[in-house]
Every structure is written in structure tokens, then in C-alpha cells.
Amino acid sequence: MARKQIHPALRIAVPLVSASLLTILLALGTLNPSPPEGVGVYFETVARTIDKVPYRVGKWIGRDLNAAPPQVLETLRPTRVLHRGYTASQDRFRVVIVHCADVRDMQGHYPARCYPATGWSQVGRHQTISARFAGGQHDVSVYRFDQLGEFGEHIRMTVAVFFALPTTGKPEPAQAIYADLDGVRNASANRRRNLLGSAQFQIIFDGDASNEDVIRVLEQFAPALDPVIETVAEGLS
């Protein structure tokens, strides 16, 4: 069988096109980008700020829990994790702060995915509420879950979640806080921005907490979270 002849022009054109595409990808930072200069120091600053979240916030007293929720460590490669319980009279909740060096890691860890993976069933659709923290009014997602206990009883849980991203490279006014993964996905479209990382904040309540209670706790607890949000948002600026 006669071999199909390749036109000489194609033998030259194909490598040239491939080389041009490679150059474009490298310029856009989508192919093996180098870590931004100073990113290591930035991550250390974020980690130290998370470590400084106070144990006493208003009327609440906090204590470190033995380990981060398993769904956090199983799906993420965090640079820092805070998992702490806070109590005051009838109020009891947990705070989870997770910071990752790669924005894309957050796409595998958010309540609608990670809690069902550990035996919880989502109750209805998540809701979006608005609370005042970090110097403005911001949206927060609220998820509710149900799980059968050892004796067949229903155990309920409410999870409020939002994300903080570096504002580097965004047009003004820069948005740093997102209630869902849309902002995270947009940020991960550029691989260089992935390497600036992101933080996820969860406030977890036992039982079926009302939206009003979630807003009240978040707004009163906000002074403890604001420094972390601000440090993440500053990026390499």
C-alpha cells in the first residue's frame, strides 16, 4: 500500500503552529506557571493571621477541636486549617477556616459535595442570605443537612459558608468575598491566580438554625474573621 505523502509545507507549518501555541499558553500562565514571587511569604502571613483568631469573641469562648472535619483533610491540601468550637449559654457553633495554596482545590470541598460524601443528606436547596461583615454587606450560602443517628433519630446540621480570594488582578472595585463557587471557578480560569490560593469559611450549627440566627452569629463573630479575610484579599499587593 502506498504511503500517504505529507505536503512539505505542512511539515514546516505544524511545528510552527505548535510552537506558537506553546508560547501563547506560557504567556497566559496556563501551562506550568512558576509560583509568583513572594507567594511563600504571603501564605505564611495568611497562616499566622488564621492562628491569631481569638479564643474569646464577645460572649463566646472557643476551644480547639481534636481534628479538622475528615471531609476537609480528605479532599484538600490546606496550608492552614482552623477547627474550633465556640459556646456561650445557649449558643454553640463550630468555625472552620481552610486556606489552600491552589484555588482549584476548593472546587472539591464545599458543603453540597463534601458533607453528602460523609453520610449527610442535603435538605432542600441551599439559601443565600446577606450579612454585614468585612466592612460591607455580603452574601453567604446556607446549607442544611440530615443524618440518621445510631438509634434511627434524625440529626440535623446547618452550615453557613463563604469564600475569600485575593483581589490581585481584578478590576476595581475588586471583589474578595463570594457566597459560592462561581467566583472560585472564575479565579481558577487563570492558573497563575490559582497559585495565590483562597480561603473558605464555615460556621456550623447543630440542629436546624434559622437564617436569622445565622446572620446574628456571623455579624457578632465577624471581628474575629475580618483580619483573615483582609489578609487573604490583599494578595501580593
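FYI, our numbering numbers position 212 of the sequence shown as 840, with every residue one higher than the one before it.
Each residue gets a CB set at the ideal place from its N, CA and C atoms; glycine is no exception.
Pull up the DSSP beta-bridge partners for ASP767, would you.
SER758
At the level of alpha carbons, what is the spacing between ARG691 and THR715?
9 Å
Would you report the Cα separation of ILE783 and VAL669, rounded to the nearest angstrom?
42 Å
Buried versus exposed call for LEU649 [16 or more other C-beta atoms within 10 Å across all chains shown]
For LEU649, the predicted structure reports a pLDDT of 37, less than 50, and the residue's modelled location is therefore unreliable. The matter cannot be settled from this model.
Touching by the beta-carbon criterion (3+ pairs, under 8 Å), the region 753 to 762 and the region 837 to 847:
yes
Suppose contacts are defined by Cβ-Cβ distances below 8 Å. Is ILE805 in contact with HIS766 by that definition?
yes
According to DSSP, is TYR738 helix, strand or coil?
coil
Thinking THR673 and THR859 are a contact (beta carbons under 8 Å), I'd like their distance in whole angstroms, please.
6 Å
Where are the beta strand (DSSP E) runs, 3 residues long or more, that stay fully inside the region 816 to 844, in chain order?
826 to 834
Identity of the residue in MET785, PRO739, SER749 nearest PHE829 by Cα
PRO739
Sort GLN718, SER662, ARG676, THR677 by Cα distance to SER833 and report the nearest one.
The sequence as given places Phe at residue 833; Ser does not occur at that position. The shortest Cα separation from PHE833 among GLN718, SER662, ARG676, THR677 belongs to GLN718.
Roughly how many angstroms separate the alpha carbons of THR746 and LYS687, rounded to a whole number?
32 Å
Nearest CA to the CA of GLN775: which residue from ALA788, PRO744, VAL723?
PRO744
Please report the distance separating the alpha-carbon of ASP730 from that of GLY825.
5 Å
Closest residue to GLN735 among GLY752, VAL812, PHE721, HIS711 (Cα-Cα distance):
VAL812
What's the call for ASN694, buried or exposed, on a 16-neighbour Cβ count within 10 Å?
exposed
Proximity test, GLY777 beta-carbon vs the ligand FMN heavy atom, cut-off 7 Å:
In terms of ligand content, the structure shown is empty, and the ligand FMN therefore cannot be addressed.
Return the CA-CA distance between ARG676 and GLY780, expressed in angstroms with no decimal places.
43 Å
Quick one: what's got a C-beta closer than 8 Å to GLY777's C-beta in the same chain, skipping five residues either side?
ILE783
Measure the C-alpha to C-alpha separation of PRO855 and ASN839 and round it to an integer number of angstroms.
24 Å
Give me the residue from ASP836, LEU710, LEU793, VAL787 with the minimum Cα distance to ALA861.
LEU793
Return no unless some Cβ of chain C is closer than 8 Å to the Cβ of LYS687.
Structure shown: chain C not included; a single protein chain is present.
Residues bridged to TRP688 [DSSP beta-bridge criterion]:
VAL685
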